[in-house]
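In what follows, a structure is listed as structure tokens, so that the remarks can point back to it.
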Amino acid sequence: MRIAIRRCWQILVLLGVIACLLSLLLVQAHAQIRTLPPPHTLNLQLFSADERAWIKQHPIVTISGDPDWRPLEYVENGVYKGLAAEYLRAISKITGLAFAFVPVDGPAAALEAMRQEKIDLMPRVSETYAEDGFRSKVIFSAPYFIGTTIIVSAANAPIIFDPRKLNGKTVSIKAGGAYEQEIRQRYPLIKLLPQRNSDTALKAVADGRAYAAIGVDVATQPFLKRKYLNTLQISGTIGHMPATISMAVRHDLPILASIIDKSLASLTALQTNVMLDEWLEESDYGAPSWGTLTQYYAGELTVLVLAMALVIWFALRAKAAQRSAIRTERSKSDFLSVMSHEIRTPMNAILSSVELLQRSRLAPHQQELITVAGSAADALMGLLDDVLDLSKLEAHRLELEQIPTDIVALVQTTISMAAIKAAEKGLPLLLESHLPLNLDVAVDPTRLRQVLLNLLSNAVKFTEQGSVTVSLQLSKATQITASVLQVTVTDTGIGIATAQQARLFNAFTQADSATTRRYGGSGLGLTICRQLIELMQGTLVLKSEIGVGTTMCFTIPVTTTERQFVPFNITSPIIQSAVPAGPSVIPAVPTILVVDDHPINRLVIQRQLEALGCNIVLAEDGRAALAILAHRSFPLVLLDCYMPGKDGYQVAREIRLGEARSGAGCLQRMPIIAISAAVDQAHTQRCFDEGMDGVLKKPLRMEDLKKLIETWCDVDLSLTSDATPAAALD
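In numbering that gives the first Met the number 0, the protein residues as written are 0 to 729.
In structure tokens:
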């Protein structure tokens, strides 16, 4: 399920990336593909000697113009921009001249500055509509742009090709320009509504303040397409009013006029087209309307919406799969937890009964049967533990501890646990340690022992002759305090074929069916080992050869500390006793309170404690236990946690509250040990949180009970044997 979730998220991300790329590609498909023109370069050979001399003597030419007539010319952040500015830039590269812009308030102020000879050149003027007084003051260059005068009206208005149809109607127009003067002179019956620029002129029509707007196509159409696409339309043109754009030079600078004409004539059609297209695209006409975006990019938006819908659908599917996986994992975990408790409870009775019978006098064939039953029950408990560990690992609910540990001692203890099976086969178990003796390694000792014991058990199981060797090495990593612990288990057993090695780390899998039939096992051990090592941020490697043997090696990153030895001072007492000195007293036989709701478990624990020589008081549930404790105390309480009514947690809590109310000190604190089939860390932590002093996992072993009682009751116990022959077993 987790793999399915990861794949859903991977597909989700991939679809998002594809959607974005596809949208970008479709948007770019609308852009015109152009070949970049050759760059403008200095070319003084175009000019005569007098012109070159004039350029050298007059390197700076002053200019001015309309500060707001996009895209032909405008001022933005104090910088002169527009199509006219681009032509000036091209002329500058050809001639080497620099053009200095003189700021003015508007087009009329620019014309006045030209009349008064305060500037040398106006980059954008219309010779057609220039006044006679202005014509006498300037020299016009050849036109470098010719546009069309258009009429814009509401989308539902009739077409207009004759301006006289606008007589008596309000028409918006850019103020202060040549168009305003021309319209007033030719069509005096039209009511003009001067506006700041082409955008505001169109807005007047859209708002209903004007019937139509008149302007040049290159300045009007960008705003029309960007903001008023579905509102306004071009209803006609005025053919006899072309927008012819030239440059105007002061009449006393004919040599400059010649330089400008020659420079404009040297430009290619490709260069001029690119300049026009670039400035039409780069000029800021304001944010486009949603209607414009929808109409122009309908295809792209459709693809984007579909892609986003698909992405959202996959996201919802992935989220649903994630929730389903979480519910499944939780349900499986809860199921396994319940089943673990329900299985361990009767298994406790079985194993404890078998252990008691093994300590009684039995006939040889009876002892053999009891041994077989005990081995089978132990194997079943081992399988149950493996399944629970695997479920915790897969649900990411297993947490590791970091405890400074004597690794050599831990490995020696683990080897001793496998030594009995090895001795039956005559196999020596060898330990090769290259670790310093005074070094502690921070690991989870329980899980490390579990991994090592599994590897050792496999090595002993599949080795008939030779030996099994455990090797320990510690190498420094890149950090000063970090190291890598390497543990290697090598055997001289049957070996594993290369084709079967990868399968061994799959759950419930062994090398082949013959191996399972001959040696048994669930096939979970190596799966759990690998996942535990990976949880420790380590690696587990298998090397094997048929008939030669197998090597299992795992490495984990660890931190190490030097073990501090505390010298023993014979003059100082080790324990400060709170009991006054007096004659030695032999401890009495302890009376232990056993609280368990399961009748069979109560009977089995009673027999175990009797075999240890203890007195027992039984309570069938939490209420009965509290009623007994109201009248007497015990040196030890064995308390089951899962009971109807008041569970063990509540009982322990009420016992501790009662002790606190009575003012009982530490010496009067009654030891409470949880006996439960639950084995998870949360259960253990809750037991301690509720005031219990320890946790004893079912099934209860006689040796574990003996050590527990001796520790808490300060007595020496001996295991007694039942002297009565078990003839009834025949």
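Here a beta-carbon is modelled for each residue, glycine too, at the ideal position from N, C-alpha and C.
This structure is a prediction, so every number in the text was calculated from the model and none was measured.
Counting only runs of at least 3 residues, the region 35-115 fully encloses the following beta strand (DSSP E) elements, listed from N- to C-terminal order: 59-62, 72-75, 78-80 and 97-100. Residue 254 places its beta carbon 9 Å or farther from that of residue 120.
By the Cβ-count criterion, residue 206 is exposed, with fewer than 16 other Cβ atoms from all chains shown falling within 10 Å of its own Cβ. For residue 545, the CB contacts under 8 Å within the same chain, skipping 5 residues up- and downstream, are 493, 494, 495 and 496 in chain order. Sixteen is the threshold: when 16 or more other Cβ atoms of the shown chains lie within 10 Å of the Cβ of residue 162, as they do, the residue is buried.
Secondary structure at residue 254: helix, using DSSP grouped into helix, strand and coil. Cβ neighbours of residue 373 within its own chain (closer than 6 Å, five residues either side excluded): 353. Rounded to whole angstroms, the gap between the alpha carbons of residue 241 and residue 276 is 20 Å. Excluding its 5 nearest sequence neighbours in each direction, residue 67 has C-beta neighbours in its own chain below 6 Å: 73 and 196, listed in chain order. Exposure of residue 540 is indicated by the presence of fewer than 16 other C-beta atoms within 10 angstroms of its C-beta. With at least 16 other beta carbons inside 10 angstroms of its own, residue 639 counts as buried.
Taking 9 Å as the cut-off, the Cβ atoms of residue 444 and residue 402 count as close.
A contact is defined here as three or more CB-CB pairs under 8 Å, and the region 643-652 meets this definition with respect to the region 609-622. Between residue 151 and residue 211, the C-beta gap is smaller than 9 Å, which places the two residues in contact. In this structure, the straight-line span from the alpha carbon of residue 65 to that of residue 265 is close to 26 Å. Exclusion of the five residues before and after residue 707 leaves 672 and 695 as the residues of its chain whose Cβ lies within less than 7 Å of its Cβ.
Per DSSP, residue 552 is one residue of the beta strand (DSSP E) stretching across 548-561. Judged by beta-carbon spacing, residue 481 lies beyond the 9 Å limit of residue 560, meaning their Cβ atoms are not closer than that value. Approximately 6 Å separates the beta-carbon atoms of residue 635 and residue 712; this is inside 8 Å, confirming the contact. In the DSSP annotation of this structure, the continuous segment of the alpha helix (DSSP H) that includes residue 416 starts and ends at 406-424. Assignment of residue 619 by DSSP, reduced to helix, strand and coil, places it in the coil class.
Boundaries for residue 400: no alpha helix (DSSP H) harbours it, and the DSSP string shows neither H nor E there. Here DSSP, grouped into helix, strand and coil, assigns residue 542 to strand. Residue 471 sits away from residue 557, with the two beta carbons spaced by 9 Å or more. Around the Cβ of residue 238, a 10 Å sphere holds fewer than 16 other Cβ atoms; the residue is exposed.
Between residue 171 and residue 122, the alpha-carbon positions lie close to 25 Å from each other. Burial is judged here by how many other beta carbons sit within 10 angstroms of a residue's own beta carbon; residue 262 has at least 16 and is buried.
Straight-line spacing of the CA atoms in residue 680 and residue 400 works out to 11 Å. Distance between residue 203 and residue 223, taken at the CA atoms: about 12 Å. Where residue 470 is concerned, the enclosing beta strand (DSSP E) starts and stops at 467-475. About 6 Å separates the CB atoms of residue 142 and residue 244; that is less than 8 Å, so the two are in contact. Just measuring C-alpha positions, the residue of 184, 169, 216 and 186 sitting nearest residue 194 is 169.
Minimum Cα-Cα distance from residue 641 among the listed residues 418, 697 and 304 corresponds to 697. DSSP lists 468 as the beta-bridge partner residues of residue 429. Sorting 632, 610, 44 and 138 by C-alpha distance to the C-alpha of residue 251 places 138 at the top. A direct Cα-Cα distance of roughly 19 Å separates residue 632 from residue 601.
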